[in-house]
Each structure stands twice: as C-alpha cells, then as structure tokens.
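For the record, the sequence lines run as chains W and D. Start counting the first sequence at 809; every next residue gets the next number (the working numbering). Start counting the second sequence at 16; every next residue gets the next number (the working numbering). Glycine included, each C-beta is placed from N, C-alpha and C at the ideal position. All values reported here derive from a predicted model rather than from experimental measurement. Everything below concerns the one structure shown next.
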Amino acid sequence: MKTTDRKFRIDKDILRFSGIAALLILVGILIMSLLPGSAYHGIGFVLIIMGIIAIIIAIIAAITPKEDMIQDERSVRVNEKAGYHAFWILIGTGAFIQVIAMFGRLDLSYKSISPEIFIVGMLSFVILKWYYNRRGDIV
Amino acid sequence: MNTRIKELRARHNLTQKELAKKVGVRRETIVFLEKGKYNPSLKLAHDVAKVLETTIEELFIFDED
Numbered sequence: 809m810k811t812t813d814r815k816f817r818i819d820k821d822i823l824r825f826s827g828i829a830a831l832l833i834l835v836g837i838l839i840m841s842l843l844p845g846s847a848y849h850g851i852g853f854v855l856i857i858m859g860i861i862a863i864i865i866a867i868i869a870a871i872t873p874k875e876d877m878i879q880d881e882r883s884v885r886v887n888e889k890a891g892y893h894a895f896w897i898l899i900g901t902g903a904f905i906q907v908i909a910m911f912g913r914l915d916l917s918y919k920s921i922s923p924e925i926f927i928v929g930m931l932s933f934v935i936l937k938w939y940y941n942r943r944g945d946i947v
Numbered sequence: 016m017n018t019r020i021k022e023l024r025a026r027h028n029l030t031q032k033e034l035a036k037k038v039g040v041r042r043e044t045i046v047f048l049e050k051g052k053y054n055p056s057l058k059l060a061h062d063v064a065k066v067l068e069t070t071i072e073e074l075f076i077f078d079e080d
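Right, dumping it as structure tokens:
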C-alpha cells in the first residue's frame with residue numbers, strides 16, 4: 809500500500825515531531841517524579857502540556873493530506889490578513905484596557921495583564937485565519 | 016469574475032486535486048478559483064492557463080461593471 813492511500817500520513821517530519829512530543833512528556837514526568845519542590849512540579853507540568861499539544865498537532869498534520877499543507881499564495885494572503893487584523897485587535901485591547909484604567913482609576917499594570925492581552929491576540933489570529941480561509945474572497 | 020477553469024479542467028480530464036498539484040497550490044485554492052471567489056496573482060493565473068493550454072483572457076471573464 810502506498811503512503812498516499814493511508815488515512816494517517818506517516819513521514820519523516822511527522823515522526824520527528826511525534827518523537828519530540830514524546831520526549832517532552834517523558835522529561836516532564838521525570839522532572840515531576842524525581843525532583844522535589846513545587847517549582848519543578850510546575851516545569852514538569854508545563855512540559856507535559858507542551859508534549860500533549862505537540863502530539864495533537866502531529867495527529868492533525870498526519871490526517872491532513874500533504875497537498876493541503878503547502879503554503880500557496882492564498883494561504884499566505886490569509887495568514888497576512890489575519891495577522892494584520894489580529895495585531896490591531898491586540899493593540900486595541902491594550903489601549904482599551906489602558907483607557908479603562910485611566911478613567912476608572914484602576915491600579916493596572918501591563919505586566920499583570922500582558923498574558924491576557926497575548927491570549928486575545930493569539931485567539932484573534934486563529935479565529936480570523938479560520939474565517940478568512942472559509943470566506944474565499946481574499947484580496 | 017467568472018472563470019472557465021471547471022469546464023477546461025473537465026476537458027483535460029483533471030480532478031481539482033490533480034490540477035492543484037500541477038499548479039503547486041492547495042486544492043481549496045482551485046475550489047475558490049472555480050467559484051470565482053478568489054482573485055489570483057498574475058503568476059497563478061498564468062500557471063493555471065498554461066496547464067489548461069489556454070490564455071488568461073480565455074480563462075477568466077471579467078464583468079464590465
């Protein structure tokens with residue numbers, strides 16, 4: 809049976825990525841079980857989560873045909889447009905929070921809210937990319 | 016914008032996937048091109064026209080309005 813006929817595509821890149829994911833989980837488990845202290849537990853937990861995310865990405869890549877993974881001009885345009893708008897949403901969110909903090913006399917610092925702002929930016933990018941990819945008329 | 020990609024692709028006995036592979040784009044790009052929902056670059060228009068053995072003018076029909 810040829811590789812292209814399989815439902816799961818198994819090539820060098822997928823195997824390498826899966827190997828890295830398994831390694832991350834293994835190191836995470838080792839750190840959590842061998843090293844004492846909550847700080848090491850935190851690092852181990854983050855490594856395990858990263859490994860799980862990497863495995864999910866590898867599975868998605870494996871079930872997607874290779875032809876659908878190539879970067880053509882349309883996918884580049886979709887990425888650029890989604891990235892541009894996600895950037896302005898990120899800036900707008902930061903400015904909006906700043907204005908609320910100024911007028912509401914809230915004790916907010918960018919250091920404390922920056923993770924949330926970055927999550928807004930990342931989510932905006934993912935949602936906009938999905939939306940522009942479906943819409944089609946990308947100029 | 017209307018296109019004759021679907022018609023010419025059928026004449027060449029090509030599937031969307033095969034045409035996409037020959038041109039070097041994703042299959043969904045061909046889908047959107049056939050629906051007239053995507054304005055391709057001059058290079059992509061040229062590549063599609065070349066594979067379908069026609070000209071860009073024959074392939075893409077622009078409305079005057």
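Residue i - DSSP class collapsed to helix/strand/coil
i: Val818(W); result: The residue asked about is misnamed: residue 818(W) is Ile in this sequence, not Val. Of the three classes helix, strand and coil, the one that applies to Ile818(W) here is coil, per DSSP.
i: Met809(W); result: Because Met809(W) sits at a pLDDT of 40, beneath the cut-off of 50, its placement in the model cannot be relied upon, and the following sentence gives the value as read from the coordinates. Note: Met809(W) maps to coil in three-state DSSP.
i: Pro55(D); result: coil
i: Tyr940(W); result: helix
i: Arg913(W); result: coil
i: Ile878(W); result: coil
i: Pro923(W); result: helix
i: Gly827(W); result: helix
i: Leu931(W); result: helix
i: Glu888(W); result: helix
i: Leu832(W); result: helix
i: Thr901(W); result: helix
i: Leu843(W); result: coil
i: Leu838(W); result: helix
i: Gln906(W); result: helix
i: His61(D); result: helix
Span separating the alpha-carbon of residue i from that of residue j
i: Ile897(W); j: Lys937(W); result: 14 Å
i: Arg824(W); j: Ile71(D); result: 42 Å
i: Gly836(W); j: Leu855(W); result: 5 Å
i: Met809(W); j: Phe816(W); result: Interpretation of Met809(W) is limited by its pLDDT of 40, a score under 50 that renders its predicted location unreliable; the figure taken from the coordinates is listed afterwards. The alpha-carbon atoms of Met809(W) and Phe816(W) are separated by roughly 12 Å.
i: Glu22(D); j: Tyr918(W); result: 57 Å
i: Ile20(D); j: Tyr939(W); result: 25 Å
i: Gly900(W); j: Ala894(W); result: 10 Å
i: Leu34(D); j: Arg882(W); result: 16 Å
i: Ile822(W); j: Leu59(D); result: 29 Å
i: Gln906(W); j: Ile927(W); result: 17 Å
i: Arg41(D); j: Thr18(D); result: 18 Å
i: Ser932(W); j: Arg26(D); result: 42 Å
i: Ile840(W); j: Ile863(W); result: As written in the sequence, residue 840(W) is Met, which differs from the Ile given in the question. Near 20 Å, if we compare the C-alpha coordinates of Ile863(W) and Met840(W).
i: Glu31(D); j: Val63(D); result: Correcting the residue type first, residue 31(D) is Gln in the shown sequence and not Glu. So the alpha carbons of these two residues sit roughly 12 Å apart.
i: Gly929(W); j: Ala903(W); result: 13 Å
i: Leu916(W); j: Lys52(D); result: 45 Å
i: Glu888(W); j: Arg942(W); result: 15 Å
i: Ile828(W); j: Ile867(W); result: 13 Å
i: Lys874(W); j: Val38(D); result: 15 Å
i: Ser826(W); j: Tyr892(W); result: 31 Å
i: Val66(D); j: Leu74(D); result: 11 Å
Identified DSSP bridge partners for residue i
i: Thr18(D); result: Phe75(D)
Run of the alpha helix (DSSP H) containing residue i, from where it starts to where it stops
i: Gln31(D); result: 31-38
i: Glu49(D); result: 42-49
i: His27(D); result: From DSSP, His27(D) is part of no alpha helix (DSSP H); its letter is neither H nor E.
i: Gly859(W); result: 846-871
Interface residues of chain W facing residue i [CB-CB closer than 9 Å]
i: Leu59(D); result: Asp880, Glu881, Arg882
i: Thr44(D); result: Asp880, Glu881, Arg882, Ser883
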